[in-house]
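To start, the structure under review is shown below, and the notes come after it.
2 protein chains.
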Amino acid sequence: MLLLYHNLMSVPSRFVRLVLAECKAGAELTEILPWDRKEDFLLVNPAGSVPVLRENDGPPVCSASVIAEYLDETRGYSLGTRRLLPDHPNGRAEVRRLMQWFLEKAVDESGQFFIEEKIYKRMRRPGEGGGPPDSTTLRAARGNLKIHLKYIAYLAERRNWLAGEQFSYADLAAGAFLSTIDYLGEVPWDKEPVVKDWYQRIKSRPAFRPILADSIKGIPAANHYMDLDF
Amino acid sequence: MLLLYHNLMSVPSRFVRLVLAECKAGAELTEILPWDRKEDFLLVNPAGSVPVLRENDGPPVCSASVIAEYLDETRGYSLGTRRLLPDHPNGRAEVRRLMQWFLEKAVDESGQFFIEEKIYKRMRRPGEGGGPPDSTTLRAARGNLKIHLKYIAYLAERRNWLAGEQFSYADLAAGAFLSTIDYLGEVPWDKEPVVKDWYQRIKSRPAFRPILADSIKGIPAANHYMDLDF
Chain A
1 MLLLYHNLMS VPSRFVRLVL AECKAGAELT EILPWDRKED FLLVNPAGSV
51 PVLRENDGPP VCSASVIAEY LDETRGYSLG TRRLLPDHPN GRAEVRRLMQ
101 WFLEKAVDES GQFFIEEKIY KRMRRPGEGG GPPDSTTLRA ARGNLKIHLK
151 YIAYLAERRN WLAGEQFSYA DLAAGAFLST IDYLGEVPWD KEPVVKDWYQ
201 RIKSRPAFRP ILADSIKGIP AANHYMDLDF
Chain B
1001 MLLLYHNLMS VPSRFVRLVL AECKAGAELT EILPWDRKED FLLVNPAGSV
1051 PVLRENDGPP VCSASVIAEY LDETRGYSLG TRRLLPDHPN GRAEVRRLMQ
1101 WFLEKAVDES GQFFIEEKIY KRMRRPGEGG GPPDSTTLRA ARGNLKIHLK
1151 YIAYLAERRN WLAGEQFSYA DLAAGAFLST IDYLGEVPWD KEPVVKDWYQ
1201 RIKSRPAFRP ILADSIKGIP AANHYMDLDF
């Protein structure tokens, strides 16, 4: 049995939910609020961060990239040609580079600001770090998002999928990143037709369905968020 | 042929140099200054960060954890019982968790402040971000270092090596982290005898020798930095 500690709007958590769905591996979900730092969860992951995966009585598998390796080692072979890491070490290195790019760099430079300003600040009370979004921070997040969209377009123009011929963790990482921002209606799709075309392909995969059904109390998704034809 | 883009005081770069030495794989080194952002290096790694490894005409392998996976895939088997990632997926997940802990979390919370304040600020000119170290930042770095030393002690008291029975990437990551701070004489060894004992074991490995010979112009290493009996 698989148990996933996650947060609905954490990009690395969404990535793992997508990977699990691609592996057709069901997991029980437990939501963790990033500012909670509850002691029982710190015993699971002393870093206090999500996602964390547990399988049966095994030790906690902490962080998205470590979970991705674990799922490849335990499920990858059975996926056959749908395996999410290529066979060749060079191809694997490229997938891992992009996985890190979208789960860490893009989140640090853009994604986390949207989530903090437009979601987490609304979920917390005023005395606990809640409040209205900061427009300067959002402007910076939008500026940096443009650069990451250009990079996705650059890759999608030259390759079948982001890391090469094969659909991979790289696409799921970029998809998790964009889906979070798209929930908030902050992706300028019309300006990036190549990215839109790539996202349409990934969005229509069955593994994406649960992500598109996500909903946060009091913060509804953008109108087109669920539409496959947006 | 292997080519490594690195920085002498970057913890992830030191980690890769240690891994290469454990694999007995020689590499040509090219030093990159983090604030340089030269165009020819951005073509190698668009993220602009080190370490980056290239093998023959292969594509760049970017970031320490991706290089660690690459070297395990291409050299791990030949290391036999000295392999730096265990065989079992659970053991691998634990090594990867700790590798991330020491190369990312410990660096973000402590290591990078020592390096920025005590090295990089002295290497840059006043108009380019150079200047004296900020004492408040250093105080925070020292406070956070204590927590990471306690964590190493916690692990070293319970296990033969940090991730379990076997010497692994986890030890090399923690060793790279501490060696950088030790160069600056900032590790309070006397207060953490268990950590000192573990570090003495790793410091005496042949792979550590090139690291102990490191020297930065104008910023000499602490007196005991090279001593195996410190």
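For the protein sequence lines, the chains are A and B, in the order given. Going letter by letter, the first sequence gives residues 1 to 230 in the working numbering. Going letter by letter, the second sequence gives residues 1001 to 1230 in the working numbering. Ideal Cβ placement from N, Cα and C applies to all residues, glycine included.
Taking the beta carbon of Gly1164 (chain B) as the centre, do at least 16 other beta carbons fall within 10 Å, making it buried, or is it exposed? Locating residue 1164 (chain B) in the second sequence gives position 164, where the first residue counts as 1. Its Cβ being crowded by 16 or more others within 10 Å, Gly1164 (chain B) is buried.
What are the start and end residues of the beta strand (DSSP E) that includes Tyr1005 (chain B)? Counting from 1 along the second sequence, the entry for residue 1005 (chain B) is found at position 5. Tyr1005 (chain B) -> beta strand (DSSP E) spans Leu1002 to His1006.
Expressed to the nearest angstrom, what Euclidean distance is found between the alpha-carbon atoms of Gly1130 (chain B) and Glu1116 (chain B)? Stepping through the second sequence from its first residue, residue 1130 (chain B) is reached at position 130. Stepping through the second sequence from its first residue, residue 1116 (chain B) is reached at position 116. For Gly1130 (chain B) and Glu1116 (chain B), the distance between alpha carbons rounds to 10 Å.
Near Gly26 (chain A), what residues of its chain come up, given a Cβ to Cβ distance below 8 Å and the 5 sequence neighbours on each side ignored? Taking the first residue of the first sequence as 1, we reach residue 26 (chain A) at position 26. Closer than 8 Å at the Cβ level, and outside the excluded window around Gly26 (chain A), lie Leu2 and Leu20.
Measure from the C-beta of Cys62 (chain A) to each C-beta in chain B and report whether the shortest distance is under 8 Å. Numbered from its first residue, the first sequence carries residue 62 (chain A) at position 62. Closer than 8 Å to some Cβ of chain B, the Cβ of Cys62 (chain A) qualifies, so yes.
For Asp1182 (chain B), does the count of other Cβ atoms within 10 angstroms reach 16, so buried, or fall short, so exposed? Sequence index remark: in the second sequence, residue 1182 (chain B) carries index 182 (1-based). Classification for Asp1182 (chain B): buried.
Does DSSP classify Leu955 (chain B) as helix, strand or coil? Outside the modelled stretch of chain B, which goes from 1001 to 1230, sits residue 955 (chain B), for which no answer is possible.
Would Pro1089 (chain B) count as contacting chain A if we go by Cβ distances under 8 Å? Taking the second sequence and counting its residues from 1, the one referred to as residue 1089 (chain B) is at position 89. Cβ-Cβ to chain A under 8 Å: yes for Pro1089 (chain B).
Would Ile1067 (chain B) pass as a contact of Val1011 (chain B) if the rule is Cβ separation under 8 Å? Here residue 1067 (chain B) corresponds to residue number 67 of the second sequence, with the count starting at 1. Here residue 1011 (chain B) corresponds to residue number 11 of the second sequence, with the count starting at 1. No, they are not a contact pair.
Taking just the CA atoms, how far does Val95 (chain A) sit from His88 (chain A)? Position 88 of the first sequence, counted from the first residue, corresponds to residue 88 (chain A). Position 95 of the first sequence, counted from the first residue, corresponds to residue 95 (chain A). Spanning the two alpha carbons is a distance of roughly 11 Å.
Return no unless some Cβ of chain B is closer than 8 Å to the Cβ of Thr74 (chain A). Here the question's residue 74 (chain A) lines up with position 74 in the first sequence. Chain B contact via Cβ: present.
Inspect the beta-carbon positions of Gly111 (chain A) and Phe177 (chain A) and report whether they are closer than 8 Å. Taking the first sequence and counting its residues from 1, the one referred to as residue 111 (chain A) is at position 111. Taking the first sequence and counting its residues from 1, the one referred to as residue 177 (chain A) is at position 177. It is a contact, given that the beta carbons lie within the stated cut-off.
For the pair the stretch 122–138 of chain A and the stretch 57–72 of chain A, tell me if three or more CB-CB distances fall below 8 Å. no
Between the alpha carbons of Ser135 (chain A) and Lys1118 (chain B), how many angstroms are there, rounded? Taking the first sequence and counting its residues from 1, one reaches residue 135 (chain A) at position 135. Taking the second sequence and counting its residues from 1, one reaches residue 1118 (chain B) at position 118. If I take the Cα positions, the gap works out to 35 Å.
If we require 4 or more residues per run, which alpha helix (DSSP H) segments fall completely within the stretch 1091–1158 of chain B? 1112–1115 and 1135–1158
Residues of its chain near Val107 (chain A), where Cβ-Cβ distance is below 8 Å and the 5 sequence neighbours each way are ignored: Within the first sequence, the letter at position 107 stands for residue 107 (chain A). Hits under 8 Å: Val11, Pro12 and Phe177.
Chain-order list of residues whose beta-carbon lies under 6 Å from that of Gln1100 (chain B) (same chain, five-residue window excluded): For the purposes of this step, residue 1100 (chain B) is taken as the residue at position 100 of the second sequence. Around Gln1100 (chain B): no qualifying Cβ.
On the DSSP bridge assignment, give the partners of Gly1076 (chain B) in chain order. As a first step, residue 1076 (chain B) must be located in the second sequence, where it is residue number 76. Answer is none; Gly1076 (chain B) lacks a bridge partner.
Please decide whether Trp101 (chain A) counts as near chain B, where near means a Cβ-Cβ distance under 8 Å. Here residue 101 (chain A) corresponds to residue number 101 of the first sequence, with the count starting at 1. Yes, Trp101 (chain A) lies at the interface with chain B (some Cβ there is under 8 Å from its Cβ).
Could you tell me which residues DSSP pairs with Cys62 (chain A) in its beta bridges? Here residue 62 (chain A) refers to the residue found at position 62 when the first sequence is read from its first residue. BP columns for Cys62 (chain A) point to A:Val52.
Residues near Pro1206 (chain B) by beta carbon distance below 8 Å, same chain, minus five either side: Here residue 1206 (chain B) refers to the residue found at position 206 of the second sequence. Ala1021, listed in sequence order.
Would you report the Cα separation of Asp72 (chain A) and Leu1084 (chain B), rounded to the nearest angstrom? Counting from 1 along the first sequence, the entry for residue 72 (chain A) is found at position 72. Counting from 1 along the second sequence, the entry for residue 1084 (chain B) is found at position 84. About 19 Å.
Considering only C-alpha positions, which residue in the set B:Asn1056, B:Ser1215 and B:Met1123 is nearest to Glu1028 (chain B)? As a position in the second sequence, residue 1028 (chain B) is number 28, starting the count at 1. Ranking the options by Cα distance to Glu1028 (chain B), first place goes to B:Asn1056.
Run through chain B and tell me which residues come within less than 8 Å of Val66 (chain A), C-beta to C-beta. Position 66 of the first sequence holds residue 66 (chain A). Per Cβ cutoff of 8 Å: Ala1093, Arg1096, Arg1097 and Gln1100.
The stretch 39–58 of chain A: positions lying closer than 7 Å to chain B by Cβ: Ala47 and Gly58
Nearest to Pro133 (chain A) (by Cα), restricted to the options A:Leu103, A:Arg122, A:Asp36 and A:Glu31: As a working note, residue 133 (chain A) is residue 133 in the first sequence. Ranking A:Leu103, A:Arg122, A:Asp36 and A:Glu31 by Cα distance to Pro133 (chain A) puts A:Arg122 first.
Per-residue burial, Gly1175 (chain B) [other beta carbons within 10 Å of its own, 16 or more giving buried]: Residue 1175 (chain B) sits at position 175 when you count from the first residue of the second sequence. Counting Cβ neighbours within 10 Å, Gly1175 (chain B) comes out buried, since at least 16 surround it.
List the residues of chain A whose Cβ lies closer than 8 Å to the Cβ of Glu1028 (chain B), in chain order. Here residue 1028 (chain B) refers to the residue found at position 28 when the second sequence is read from its first residue. Result: empty, since nearest Cβ-Cβ is about 19 Å, beyond 8 Å.
Report yes or no: do the stretch 30–41 of chain A and the stretch 184–201 of chain A share at least 3 C-beta pairs separated by less than 8 Å? no
Measure from the alpha carbon of Thr81 (chain A) to the alpha carbon of each residue in A:Leu184, A:Leu172, A:Ala173 and A:Ser168, then state which is nearest. In the first sequence, residue 81 (chain A) corresponds to position 81, counting from 1. With distances taken between Cα atoms, Thr81 (chain A) lies closest to A:Ser168.
Shortest alpha-carbon distance to Ala1173 (chain B) belongs to which of B:Ile1152, B:Lys1191 and B:Pro1188? Here the question's residue 1173 (chain B) lines up with position 173 in the second sequence. Ala1173 (chain B) has its Cα closest to that of B:Ile1152, out of B:Ile1152, B:Lys1191 and B:Pro1188.
What do you get for Ala213 (chain A), buried or exposed, if any count of 16 or more other CB atoms within 10 angstroms of its CB means buried? Locating residue 213 (chain A) in the first sequence gives position 213, counting from the first residue. Ala213 (chain A) comes out exposed.
Among A:Ala93, A:Leu79 and A:Ala140, whose alpha-carbon lies nearest the alpha-carbon of Glu109 (chain A)? Here residue 109 (chain A) refers to the residue found at position 109 when the first sequence is read from its first residue. Of A:Ala93, A:Leu79 and A:Ala140, the residue nearest in Cα terms is A:Ala140.
Going by alpha carbons, who is nearest to Ser215 (chain A) out of A:Thr180, A:Ala170 and A:Leu145? Locating residue 215 (chain A) in the first sequence gives position 215, where the first residue counts as 1. Taking only the C-alpha atoms, the option nearest Ser215 (chain A) is A:Thr180.
Rounded to whole angstroms, what is the Cα-Cα separation between Ile211 (chain A) and Ser65 (chain A)? Numbered from 1 along the first sequence, position 211 holds the residue referred to as residue 211 (chain A). Numbered from 1 along the first sequence, position 65 holds the residue referred to as residue 65 (chain A). If you take the alpha carbons of Ile211 (chain A) and Ser65 (chain A), they lie about 19 Å apart.
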